[in-house]
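Residue numbers 44 to 550, in this note's numbering, belong to the letters of the sequence shown in order.
C-beta: ideal position from N, C-alpha, C; glycine also.
Since the model is a prediction, treat every value here as computed from it, not as a measurement.
Report on the structure given below.
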Amino acid sequence: MGKKGFTILGVSVGALIVLAIGGYFLYQNLVNTPKNAYLMAELDNSEDITELVEERFEDELEWYENSMKNPSETSIGVTAETNDPSLNDMGLAEIINNAEINLNASQDIEGEMSTFDLSANINTLSIEDVNGYITGDKLGLTLPFIEEYLVVNEEDAPKLLHETNPENFEGDEEIDFSTFFQSSSLTEEERDYFVDEYSKYMQENLPDEAFESAKEEVKVGENTVDAEKLTMTLTEEQMHEFLKGLFNKMAEDEKLVNLVNAQLLSANFGMPAGQEEDLEASEMFKQAANEVEDLEFPNGLSSVVWQDGEGNIVKRDFDVSVVTEGETTDIALDTTNEVRENGNLITSTLTGNGEEEVVFVFDLNEVENGYEDTFTVNAAGEEQIKLVSTKSDEDENTVWNLEAAINQGATSDQPLKLFMESSTNYASDQASGDIQLYAEDGQTITKDTAVINITHESSTISEVEIPSSDNEKDLGKMSKEELEAYFTDEVQPKFEEWARENFGGSF
């Protein structure tokens, strides 16, 4: 099974378990058992994390949902500027300061239509008429040096790929242009189905005796918390039985199989993943079920959470050992969550084989006009990555500034810092704003070296217009010989003429 297959598989299992926990009480009739308490604590924690994200990106998420439901158009402009004297000698500063790229795009997700046109001005050079579109069954592209649209219908795409690249494509692949318009989010109907279906499986297949509950005081930061200690302990046999049954159930679930197959296609932009990874989801789940017992869990699995009186998980200890091909990997995750009046300080330590340690720290703070959050990753005793995010509402605009500091190791004792400064105005049917990007390394790179400026404006529209089919060259209907003749005899001479006019030289 390929890496993408394993990724989709892991995400599928994780998502189903979280959804299933949500429907768990429907089957347990709200009986207060250690199993119920543990699973509901995990659900509450998942919902709390979702709420933290949604609060911080409320405007962005609302606009995204609007653009998924309604046709919209977006205009993006990109410019750059430099004040670095070292770039003046060869005229690079003038080229950079006079460069501009513009992209106009429209999309109708539900109608499966999207268009774009691209233009650029670089000093005295102008490039226009780069236009394209894609629908659920057709894509087209035109370039500055040709008048017609080069088009490919979905049904002809496998043949065209085989004609142009026979070593990697057989010509009988399943290619679906509709995946370009598919969202990875579950619909409400899909969510309800998975909640009902897999909560019942968890109820029936996680043994009651694997769960315990006790009252315990726990130290979190400088505070002592009266908590409920909830423990889940699974033996190796119980893990094998649970996972094997789950994978077999997933393999027979037509709705899940169709969903995962669509995600596998989407991950490859509608094209097959290749011979090594080209497994149908049903076969992938069956293979996983058959291989479960090849994995050894000599110490089983232990997961302990401590929940305070407000329903917050304030501490977590997770331990599992996995043996594959005779090699043992010990994994431990220890987390504390210091709940404060206006935020959380979450520290998670991931340890491998008792030695390799990575520490993740989330310092989340709600301030008067927004949020100030810091995320750090520490490894090998040093800070490797630090992200500082500041969001606020100012004059009807959402201001979001982000600073990323990256450890450069032996290259430099100063981190490489990347900056984003943005301001966006969101309304019910439109959004507009600007973004500024630049970097600093504490030595030679500063804001004066280069700044990238991005302007963007989006709005809902009545419909997306696809170009007429009056002037098309259907590449999918052409043989290999016809393709070679077309590009050699027609496209290449036009390109060379266009290049001479715009670039000069010996084209």
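- If you draw a straight line from the Cα of THR492 to the Cα of ASP438, it comes to about 31 Å.
- Boundaries of the beta strand (DSSP E) harbouring MET156: 156-165, taken from the DSSP string.
- Within the segment 221-283, complete alpha helix (DSSP H) segments of at least 4 residues are found at 231-248, given in chain order.
- Taking a cut-off of 8 Å for Cβ pairs, the segment 356-376 and the segment 329-342 touch, as three or more such pairs fall below it.
- GLU240 and GLU233 have their C-alpha atoms spaced approximately 11 Å apart.
- Contact between GLU97 and LEU104 holds: their C-beta atoms lie close to 6 Å from each other, under 8 Å.
- Counting the other CB atoms within 10 Å of its CB gives ASN266 a total below 16, which places it among the exposed residues.
- In this structure, ALA148 lies near THR117, with their beta-carbon atoms less than 7 Å apart.
- About 5 Å separates the beta carbon of GLU191 from that of LYS516, a gap short enough to meet the 8 Å contact definition.
- Cβ atoms of THR379 and THR390 come within 8 Å of each other, at about 5 Å.
- ALA474 has TYR469 and SER501 as its beta-bridge partners, per DSSP.
- MET463 is bridged by DSSP to LEU445 and LEU480.
- Nearest to PHE159 by alpha-carbon distance, out of GLY183, ALA142 and THR498, is GLY183.
- Here ASN396 has THR372 and ASP373 as same chain residues with Cβ atoms under 7 Å from its own Cβ, once five neighbours each way along the sequence are excluded.
- The closest CA to that of THR278, considering only ASP362, ASN208 and PHE328, is found on ASP362.
- As for any beta strand (DSSP E) of minimum length 3 sitting wholly inside the segment 397-433, the runs are 399-410 and 413-422, ordered along the chain.
- In the three-state reduction of the DSSP assignment, SER455 falls in the coil class.
- GLY413 sits buried, since 16 or more C-beta atoms from the chains shown fall within 10 Å of its C-beta.
- With respect to ALA332, ASN304 sits apart: the two C-beta atoms are not nearer than 7 Å.
- DSSP, read as helix, strand or coil, puts GLU143 in strand.
- Residue state for LYS112 is assigned as helix, using DSSP reduced to three classes.
- For the pair GLU143 and GLU155, the Cα-to-Cα distance works out to about 30 Å.
- When the alpha-carbon of ILE170 is set against those of ASP215, TYR176, ASP180 and PRO187, the nearest one is in PRO187.
- Taking the CA atoms as reference points, ALA423 sits about 11 Å from GLY452.
- Residue pairing from DSSP places GLN150 in a beta bridge opposite SER115 and SER157.
- Between VAL335 and LYS287, the gap from beta carbon to beta carbon is short of 7 Å.
- Distance check between GLY120 and each of GLU284, ASP477, ALA136 and GLY519 places ASP477 closest, using alpha-carbon atoms only.
- By the Cβ neighbour-count rule, ALA528 is exposed, with fewer than 16 other Cβ atoms within 10 Å of its own.
- In the DSSP secondary-structure assignment, ASN333 is not bridged to any residue.
- Using a 10 angstroms sphere on the CB of THR76, the tally of other CB atoms stays under 16, which defines it as exposed.
- Taking 7 Å as the cut-off, the Cβ atoms of ASN496 and THR122 count as close.
- Taking 7 Å as the cut-off, the Cβ atoms of LYS520 and GLU206 do not count as close.
- Under the three-state reduction of DSSP, GLY485 is assigned to coil, being neither helix nor strand.
- Taking GLU425 as reference, the option from LEU445, THR417 and ASN450 with the minimal CA-CA separation is ASN450.
- The C-alpha of MET463 lies about 15 Å from the C-alpha of HIS499.
- Taken through DSSP and simplified to helix, strand or coil, LEU184 comes out as strand.
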